[in-house]
Ligand code: IMP
Ligand code: MG
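Numbering (this note's numbering), first residue to last: 31 to 235.
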């Protein structure tokens, strides 16, 4: 698995947002917090090729966890040379401060059954692992013939609950990231890069 630091091209270093946050972009400094849209999209297509080899000849049913994983899903999906179907599930995690409590509410359930299918959960980022642990057990109880997880980003230093993620795009250090689908209070999903938010007090974690 490549480290995020491997893949940077120079870009504008900072852009101010109207609410006072500063978004820090990849700046070619080797700073391990940042990736670029190109790096994320390229990694998604690399992962698509790997998944395609692993599931060769078998129909694959992807479950996208809304909303953060939608951009990753769209890049991954187009790299899969398989008989693919897609469904969506939306969850809200109850948080105490910036930590999830592990209590998860399904706000939009799947449209299709999982019984007897090869199922791959598509997630944006694994943080404490509480949300994915809950979801994995829930979906496993619906009788798929196999169930695995792909996540673009992983913050292993934050893990509370172990989760078996089969495919990981990038490991990142402990910083709160936005862009490429990821939000802070429903904003910044549209930023083409994975970025950290910086306040006058420093990088948000
Ligand atoms: P967990 O239950 O703590 O693993 O939380 C996972 C969910 O929290 C992810 O699916 C994201 O929606 C959200 N999350 C965790 N870390 C970040 C981050 O750095 N930026 C944006 N969302 C995050
Ligand atoms: Mg999410």
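Every residue gets a Cβ at the ideal spot worked out from N, C-alpha and C, and that includes glycine.
Who are residue i's beta bridge partners in DSSP?
i, result
"residue 178", "150"
"residue 117", "93"
"residue 173", "Looking at the DSSP assignment, residue 173 forms no beta bridge with any residue, so it has no partner."
"residue 187", "DSSP, once it has assigned bridges, lists no residue as partnering residue 187."
Look up residue i in the DSSP assignment and say whether it is helix, strand or coil.
i, result
"residue 194", "coil"
"residue 107", "helix"
"residue 234", "coil"
"residue 227", "strand"
"residue 137", "strand"
"residue 202", "coil"
"residue 160", "helix"
"residue 72", "helix"
"residue 212", "strand"
"residue 88", "coil"
"residue 83", "helix"
What is the C-beta distance between residue i and residue j, in whole angstroms, given that I count them as a contact (C-beta under 8 angstroms)?
i, j, result
"residue 169", "residue 182", "With a Cβ gap of about 19 angstroms, residue 169 and residue 182 do not count as contacting."
"residue 106", "residue 152", "6 angstroms"
"residue 144", "residue 173", "6 angstroms"
"residue 135", "residue 116", "Between residue 116 and residue 135 the Cβ distance is about 22 angstroms, and since that is not below 8 angstroms, they are no contact."
"residue 213", "residue 195", "Wrong, their Cβ atoms sit about 21 angstroms apart, outside the cutoff."
Residue i: buried (16+ other C-beta within 10 angstroms of its C-beta) or exposed?
i, result
"residue 70", "buried"
"residue 89", "exposed"
"residue 142", "exposed"
"residue 113", "exposed"
"residue 138", "exposed"
"residue 101", "buried"
"residue 79", "exposed"
"residue 236", "As shown, the chain starts at 31 and ends at 235. That puts residue 236 outside it, with no answer to give."
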